[in-house]
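**Q** Please read through the structure below; I'll follow up with questions.
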Amino acid sequence: MSAKWAYSLSAVIIVAILISFSMDAVRTTSVLSFSLRYAVPLILAAMVGIVCERSGIINIGIEGQMLMSAFAGFFGAALTGSLIAGAMIGVGTGMIMGAFLATGAVTWKMDQIIAGTVINILATGLTSFFYAQGYVLPGNTPTVSIPFLADLPLVGPVFFDNGMFTYAAIIIALVLWVLLFKTVWGLRTRSVGEKPSASDTSGIGVERTRFWNVTFAGALAGLAGAYLSLEAAGTFERGFTAGRGFTALAIMIFGAWNPIGALAAALFFGLTQGVASQLQADAVVDIPPQFVNMLPYILTIVLLAAVSGRIKPPASVGKPYEKD
Amino acid sequence: MATTDPAQTDLGFTDPDPRRSGPLDRLPAIAIPVISVLLAFAIGGLLIWLQGVNPFRAYYVLFSSALGTPEGLLRVMEKSTPLILTGLAVTVGLRTGLFNIGAQGQLLVGAIGAAWAGYHFQLPMVVHLPFAIVFGMLCGAAWASIAGALRAYRHVSEVITTIMLNSIAIALVDYLASRPFKEPDQPISRTPLVADSATLPFFGPIPSGFILALLVAIFFGWFLVRTTQGFRFNTVGLNPSAARYAGIPVKGTILLAMAVSGGLAGLGGAVETLGITGRFEPAFNAGLGFDGITIALLARANPIATIPAALLVGTLRSGAATLQFQTGIEPEVVDVILAITLLFVSAPIVARLLFRKRNVKQTTVTSGWGS
Numbered sequence: 001m002s003a004k005w006a007y008s009l010s011a012v013i014i015v016a017i018l019i020s021f022s023m024d025a026v027r028t029t030s031v032l033s034f035s036l037r038y039a040v041p042l043i044l045a046a047m048v049g050i051v052c053e054r055s056g057i058i059n060i061g062i063e064g065q066m067l068m069s070a071f072a073g074f075f076g077a078a079l080t081g082s083l084i085a086g087a088m089i090g091v092g093t094g095m096i097m098g099a100f101l102a103t104g105a106v107t108w109k110m111d112q113i114i115a116g117t118v119i120n121i122l123a124t125g126l127t128s129f130f131y132a133q134g135y136v137l138p139g140n141t142p143t144v145s146i147p148f149l150a151d152l153p154l155v156g157p158v159f160f161d162n163g164m165f166t167y168a169a170i171i172i173a174l175v176l177w178v179l180l181f182k183t184v185w186g187l188r189t190r191s192v193g194e195k196p197s198a199s200d201t202s203g204i205g206v207e208r209t210r211f212w213n214v215t216f217a218g219a220l221a222g223l224a225g226a227y228l229s230l231e232a233a234g235t236f237e238r239g240f241t242a243g244r245g246f247t248a249l250a251i252m253i254f255g256a257w258n259p260i261g262a263l264a265a266a267l268f269f270g271l272t273q274g275v276a277s278q279l280q281a282d283a284v285v286d287i288p289p290q291f292v293n294m295l296p297y298i299l300t301i302v303l304l305a306a307v308s309g310r311i312k313p314p315a316s317v318g319k320p321y322e323k324d
Numbered sequence: 001m002a003t004t005d006p007a008q009t010d011l012g013f014t015d016p017d018p019r020r021s022g023p024l025d026r027l028p029a030i031a032i033p034v035i036s037v038l039l040a041f042a043i044g045g046l047l048i049w050l051q052g053v054n055p056f057r058a059y060y061v062l063f064s065s066a067l068g069t070p071e072g073l074l075r076v077m078e079k080s081t082p083l084i085l086t087g088l089a090v091t092v093g094l095r096t097g098l099f100n101i102g103a104q105g106q107l108l109v110g111a112i113g114a115a116w117a118g119y120h121f122q123l124p125m126v127v128h129l130p131f132a133i134v135f136g137m138l139c140g141a142a143w144a145s146i147a148g149a150l151r152a153y154r155h156v157s158e159v160i161t162t163i164m165l166n167s168i169a170i171a172l173v174d175y176l177a178s179r180p181f182k183e184p185d186q187p188i189s190r191t192p193l194v195a196d197s198a199t200l201p202f203f204g205p206i207p208s209g210f211i212l213a214l215l216v217a218i219f220f221g222w223f224l225v226r227t228t229q230g231f232r233f234n235t236v237g238l239n240p241s242a243a244r245y246a247g248i249p250v251k252g253t254i255l256l257a258m259a260v261s262g263g264l265a266g267l268g269g270a271v272e273t274l275g276i277t278g279r280f281e282p283a284f285n286a287g288l289g290f291d292g293i294t295i296a297l298l299a300r301a302n303p304i305a306t307i308p309a310a311l312l313v314g315t316l317r318s319g320a321a322t323l324q325f326q327t328g329i330e331p332e333v334v335d336v337i338l339a340i341t342l343l344f345v346s347a348p349i350v351a352r353l354l355f356r357k358r359n360v361k362q363t364t365v366t367s368g369w370g371s
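Quick mapping for you: the protein sequence lines, in order, are chains A and B. Residues 1 to 324 (my numbering) make up the first sequence, in order. Residues 1 to 371 (my numbering) make up the second sequence, in order.
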C-alpha cells in the first residue's frame, strides 16, 4: 500500500475512534481491546512470514506451525502445571516445526508450497490424533498493567493493561523492524532473499542464513500458538487456529514485507473484526454471524486486488538457491 | 522468467526452477509413490502402537472393513468418487502452473448448488439430473474463476485467494443452509432432500457417480495429452513466455484452466450431494478438497493415476471409521499417514535411497510434470 494512502486511512480511523470514544467510552474501549486481542496472533504470524520471505522462503505452513504449538503449549502447561513451562514448550515446538520447514525447503530444496502443505496436514492429523479431553490449565495468564501509562484514557486500558504475549507481539514487531533494516543480520537476510548469488559471492552462507532464519521464525509461530491456547482461549480444540496462519500471509503482503507495516495491517484487521462483532452483538444491523466470519477474508481478497503490482515481494522468494 | 511473465504473481509465490522439467523415468514414477506409502504406513503403525494397539490388527481392521464386505466396497466407491474429481481438479491446475488449494471451497459451493437445483425444481429425470449436475459444476467453476481472474488480470497469487475463498465458502454455505435454503421446521441447518428425479441411480451394485468420475478421469487423460486446449494448458504450465511467443492467450488459458479445475471440484460436490448424501448439510464434505491435493501430488498430476490414488485415500478414509469404533484409534491417523506420504513423495529422501542419484527430479508444484 502506498504510504500516502496508509497515512490517510490511519488518520481517518483515529478520528473515527476519537468520535466514537467521546460518544460511548466504555464500548469503544471494549471494541478496541477486542481488536487488539484479535490482532496479536496475526501480528506474530505475519512476522514469521516476513522473516521467512525476506530470506527467500515461502512459509505457507504457519497455520500448522501455530496449531502444533498451541497444542503443545496447552498440554505442556496442563501436564507440568506451569504456564511458563507450557509457553516454553509451545515456542520450542514452533522452532522444531520451523526446522522441519527449513530442512524440507532449504536443505532438501523441496517445493516450498508442498513443504508448507505437509506441515499443515501433519499438524491437523497429529493434534487431532493425540487430542484428549479433560485437561485444564493450571491458571489464567496474568495481565500486567504498566504504571501511569495504564491510567491514560482510552490508550491506557487498551494498550497498557494486557497479558505478556500482547506486549511481546508489539515489541517483537518493532524490534524486528530495527533488526531487518538497521543491522548486519538484516542486510544479510534481505540479500539472500533478493539476490542469493550476490550474497554467496560476498561470502554470506545462503543456505545457512535461510535455514536458521526459517527455524527461528518458527519460534515466533510457536509464540502465536501459545498465545492462542494459553492466553486468548485458555483451552485447546481441534482446528483451533481457524485459518489465522493464512490471514497472516495476507497481512504480510499489505505490510509490504515490513514489520511495522504488518503491525498496522494486523491492527486494522482486528479493528474490522471488532467493529463487526460489536454491531452484531448490539443488533444494530442484522448481520448473520457467517458474514462477520467472512469479513476478514473478503477484505483480504479485495485489498490484494487493489494493491497488486504496487508492492513487490523479495525477488528470490520461492526459489531454492543452487550454485552455478 | 520472473520478469517476463505477467501472470507471475507479485506475492512471492513464484514458479520453481524451469530446469527441472523433463519426462520422468518410468521406474521412479511408480516405485517412489508405492514406497512412500509403505513408509508412511510404517510410521502410522508406530503411532498406533504408541496408543497401545497392535498396528497389524489395526490395519487389518481398517482394510478388511473397507474392502472385505460388499457394503464396505460400496462405501469405498462412494468415498472415492468426489476424491477422484477433486484430485483431477488439482491436477488440471498443476498442469497449467496453478496451485488450486481451493478445491474444498469449490466443492462446497458445487454441493449446495446441486442440492438447490435438485430440490427446488420438479422436472422429468432426463432434464433434472443433468441440470442439477451441471449447475453444481458451474457453481464450482464460477467460484474458482474469482481466483482465476485475479491471477490472470491482477497478478494476485491463486494460492492466497483460493485459501481465502475456502474460508468464505465455508461461511457462505453455512449461511445458505441455515437461512434461505434451510429445510423448514427442522432444528438442524440442512437443505431439503433432492427430488428423486435428480438422484444419481445405481448401475447394478455400482453407483453411477463412481462410473462418471472414472470416465471424467479417462477423458482428462486424453484431453491433456491429445487436444489443442490440453496442449495450451501444459505449455502455459511449463513455460508461460514460450506460450506467449507461440501465440497462446496466456491470461485466457489461466482463467479457463481455473474454471475447469473449479468445475471438476464442483462436480465432485454435486455427485456427493445427488448420489450419496441426498441433501446438503454443512458437516458433510469436510476435507474432501484437501485430500484432492494429496491425491494429485501422489499421482504426479497424471489424470489416470488419480484413480488409484483416490481409491487408496478413499479406502483409508472409509476404513478409519470402523477402526475408531473397534480399537479407539482416532480416524485422523489417516491425515498423518497422508501427510507423511506427501512428504516422501515430494522430498528427495526416498528417491536418493532407492536410486542413489544425487539429482533425481523432484516434485514441483508448478513446472515440468512430465506426461
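We put the CB at the ideal spot given by N, CA and C, even for glycine. These numbers come from a predicted model, not from an experiment.
#1: Does the Cβ-Cβ distance between B/S261 and B/A115 come in under 8 angstroms?
#2: Mapping the DSSP letters down to three states, classify B/D25 as helix, strand or coil.
#3: Roughly how many angstroms lie between the CA atoms of B/R154 and B/S197, to the nearest whole one?
#4: Quick check: the Cα distance between A/D282 and B/I35, rounded to an integer number of angstroms?
#5: From A/T272 to A/Q280, what distance separates their C-alpha atoms?
#6: Give me, in chain order, the residues of the same chain whose beta-carbon lies closer than 7 angstroms to that of A/E194; leave out the 5 immediate sequence neighbours on both sides.
#7: Anyone know if the C-beta pair for A/T143 and A/G163 falls short of 8 angstroms?
#8: Would you call the CB atoms of A/Y297 and A/P41 closer than 8 angstroms?
#9: Taking all protein chains shown into account, decide if A/V175 is buried (16 or more other Cβ within 10 angstroms of its Cβ) or exposed.
#10: Measure the beta-carbon distance from B/S80 to B/A310 and round it to whole angstroms, keeping in mind my assumption that it falls under 8 angstroms.
#11: Counting only beta-carbon separations shorter than 8 angstroms, does B/A283 have a partner in chain A?
#12: I'd like the span of the beta strand (DSSP E) that includes B/G110, first residue to last.
#13: Using a Cβ cut-off of 9 angstroms, which residues of the stretch 104 to 131 of chain A contact any Cβ in chain B, in chain order?
#14: Counting contacts by CB-CB distance shorter than 8 angstroms, is A/G309 in contact with chain B?
#15: Would you list the residues sitting across from A/N162 in a DSSP beta bridge?
#16: I'd like the list of long-range same chain contacts for B/Y119, defined as Cβ closer than 7 angstroms, with 5 residues on each side in sequence excluded.
#17: On the three-state DSSP scale, how would you describe A/I57?
#18: What residue from B/S189, B/E272, B/G209, B/T306 has the CA that sits closest to B/N285's CA?
#19: Looking at the strands, I want to know which residues DSSP matches up with B/F206.
#20: Please list the residues of the stretch 285 to 300 of chain A that have a C-beta atom closer than 8 angstroms to any C-beta atom in chain B, keeping them in chain order.
#21: Tell me which same chain residues have a C-beta within less than 7 angstroms of the C-beta of B/V250, skipping the five on either side of it?
#22: Starting from the beta carbon of A/G243, find every residue of chain B whose beta carbon is closer than 7 angstroms, and list them in chain order.
#23: Are the beta-carbon atoms of B/L255 and B/A152 separated by less than 8 angstroms?
#24: Given the structure, does B/I101 come close to the ligand GTP, in the sense that its CB is under 7 angstroms from one of the ligand's heavy atoms?
#25: If B/A213 and B/L85 are in contact, beta carbons under 8 angstroms, what's the gap, nearest whole angstrom?
#26: When Cβ atoms are compared, which residues of the stretch 43 to 63 of chain A fall closer than 8 angstroms to chain B?
#27: Note down, in chain order, each residue of its chain lying with its Cβ closer than 6 angstroms to the Cβ of B/D25, except the 5 sequence neighbours on either side.
#28: Which residues in chain B have a C-beta closer than 7 angstroms to the C-beta of A/L249? List them in chain order.
#29: Would you report the Cα separation of B/N100 and B/V333, rounded to the nearest angstrom?
#30: Using beta carbons (cut-off 8 angstroms, strictly below), is B/V336 in contact with chain A?
#31: Using a cut-off of 9 angstroms between C-beta atoms, extract the partners of B/H155 located in chain A.
#32: Using a Cβ cut-off of 8 angstroms, which residues of the stretch 171 to 187 of chain B contact any Cβ in chain A, in chain order?
#33: How long is the line joining the alpha carbons of B/A301 and B/V92, rounded to whole angstroms?
#34: In the DSSP assignment, find the alpha helix (DSSP H) that holds B/K79 and state where it starts and stops.
#35: Using a Cβ cut-off of 8 angstroms (strictly closer), state whether A/L79 contacts chain B.
**A** Looking at the atomic coordinates:
#1: Within the second sequence, numbered from 1, the residue matching residue 261 of chain B stands at position 261. Within the second sequence, numbered from 1, the residue matching residue 115 of chain B stands at position 115. No. Outside cutoff.
#2: Numbered from 1 along the second sequence, position 25 holds the residue referred to as residue 25 of chain B. Because the pLDDT at B/D25 is just 48, under 50, the model does not fix this residue reliably, and the point stays unresolved.
#3: The residue given as residue 154 of chain B occupies position 154 in the second sequence. The residue given as residue 197 of chain B occupies position 197 in the second sequence. Distance between the alpha carbons of B/R154 and B/S197 is about 42 angstroms.
#4: Taking the first sequence and counting its residues from 1, one reaches residue 282 of chain A at position 282. Taking the second sequence and counting its residues from 1, one reaches residue 35 of chain B at position 35. It is roughly 58 angstroms from the alpha-carbon of A/D282 to the alpha-carbon of B/I35.
#5: If you number the first sequence from 1, residue 272 of chain A lands on position 272. If you number the first sequence from 1, residue 280 of chain A lands on position 280. For A/T272 and A/Q280, the distance between alpha carbons rounds to 12 angstroms.
#6: As a first step, residue 194 of chain A is located in the first sequence; it is residue number 194 there, counting from the start. Within the same chain, A/E194 has close Cβ partners P314, A315, S316.
#7: Indexing the first sequence from 1 puts residue 143 of chain A at position 143. Indexing the first sequence from 1 puts residue 163 of chain A at position 163. It is a contact, given that the beta carbons lie within the stated cut-off.
#8: The count along the first sequence starts at 1 and reaches residue 297 of chain A at position 297. The count along the first sequence starts at 1 and reaches residue 41 of chain A at position 41. Going by C-beta atoms, A/Y297 is not nearer than 8 angstroms to A/P41.
#9: To locate residue 175 of chain A, count along the first sequence from 1; it is residue 175. Exposed.
#10: For the purposes of this step, residue 80 of chain B is taken as residue 80 along the second sequence, with counting starting at 1. For the purposes of this step, residue 310 of chain B is taken as residue 310 along the second sequence, with counting starting at 1. Going by Cβ atoms, the distance from B/S80 to B/A310 rounds to 5 angstroms, so yes, they are a contact pair.
#11: Along the second sequence, read from residue 1 onward, the residue named residue 283 of chain B stands at position 283. When Cβ-Cβ separations below 8 angstroms define contact, B/A283 makes no contact with chain A.
#12: For this step, residue 110 of chain B is matched to residue 110 along the second sequence. From DSSP, B/G110 is part of no beta strand (DSSP E) but of the alpha helix (DSSP H) over 103 to 120.
#13: From the stretch 104 to 131 of chain A, only G104, W108, K109, M110, D111, Q112, I113, I114, A115, T117, V118, I119, N120, I121, L122, A123, T124, G125, L126, T127, S128, F129, F130, Y131 have a Cβ closer than 9 angstroms to chain B.
#14: Residue 309 of chain A sits at position 309 when you count from the first residue of the first sequence. It does; some Cβ of chain B falls within 8 angstroms.
#15: Indexing the first sequence from 1 puts residue 162 of chain A at position 162. Bridge partners of A/N162: A/V144.
#16: Against the second sequence, residue 119 of chain B aligns to sequence position 119. The residues T191, P192, L193, V194, A195, in chain order, have a CB closer than 7 angstroms to that of B/Y119 in the same chain once the five nearest residues on each side in sequence are set aside.
#17: Here residue 57 of chain A refers to the residue found at position 57 when the first sequence is read from its first residue. A/I57: coil per DSSP, three-state reduction.
#18: Reading the second sequence from its first residue, position 285 is the one you call residue 285 of chain B. Closest by alpha carbon: B/E272.
#19: Here residue 206 of chain B refers to the residue found at position 206 when the second sequence is read from its first residue. Residue identity differs from the one stated: residue 206 of chain B is Ile in this sequence, not Phe. B/F203, per the DSSP bridge assignment.
#20: So the close ones are P288, Q290, F291, N293, M294, Y297, I298, T300.
#21: Here the question's residue 250 of chain B lines up with position 250 in the second sequence. Hits under 7 angstroms: A7, V236, P240, A243, R244.
#22: The residue labelled residue 243 of chain A in the question sits at position 243 within the first sequence. For A/G243, the C-beta contacts it makes with chain B under 7 angstroms involve S167, in order along the chain.
#23: Working through the second sequence from its first residue, we reach residue 255 of chain B at position 255. Working through the second sequence from its first residue, we reach residue 152 of chain B at position 152. Pairing B/L255 with B/A152 gives a Cβ-Cβ distance under 8 angstroms.
#24: What this structure holds is no ligand at all, so the ligand GTP is not there to describe.
#25: In the second sequence, the residue the question calls residue 213 of chain B occupies position 213. In the second sequence, the residue the question calls residue 85 of chain B occupies position 85. Correct: roughly 5 angstroms between the Cβ atoms.
#26: For the stretch 43 to 63 of chain A, which is checked against every Cβ of chain B, the residues closer than 8 angstroms are E53, I58, I60.
#27: What you label residue 25 of chain B is simply residue 25 of the second sequence in a count that begins at 1. In this predicted model, B/D25 has a pLDDT of only 48, less than 50, meaning its place in the structure is not dependable; the value taken from the coordinates is given anyway. Once the five neighbours on either side are set aside, B/D25 has no close Cβ partner at all.
#28: Locating residue 249 of chain A in the first sequence gives position 249, counting from the first residue. Those are I160, listed as they occur along chain B.
#29: Position 100 of the second sequence holds residue 100 of chain B. Position 333 of the second sequence holds residue 333 of chain B. Cα-Cα distance, rounded: 25 angstroms.
#30: By one-based count along the second sequence, residue 336 of chain B stands at place 336. The beta carbon of B/V336 sits closer than 8 angstroms to some beta carbon of chain A.
#31: For the purposes of this step, residue 155 of chain B is taken as residue 155 along the second sequence, with counting starting at 1. Those are S308, G309, listed as they occur along chain A.
#32: Within the stretch 171 to 187 of chain B, the residues whose Cβ lies closer than 8 angstroms to any Cβ of chain A are, in chain order, A171, L172, D174, Y175, S178, R179.
#33: The count along the second sequence starts at 1 and reaches residue 301 of chain B at position 301. The count along the second sequence starts at 1 and reaches residue 92 of chain B at position 92. In a straight line, the C-alpha of B/A301 is about 8 angstroms away from that of B/V92.
#34: Translated into the one-based positions of the second sequence, residue 79 of chain B becomes position 79. Note, B/K79: alpha helix (DSSP H), 70 to 95.
#35: Within the first sequence, numbered from 1, the residue matching residue 79 of chain A stands at position 79. No, A/L79 does not count as interfacial toward chain B.
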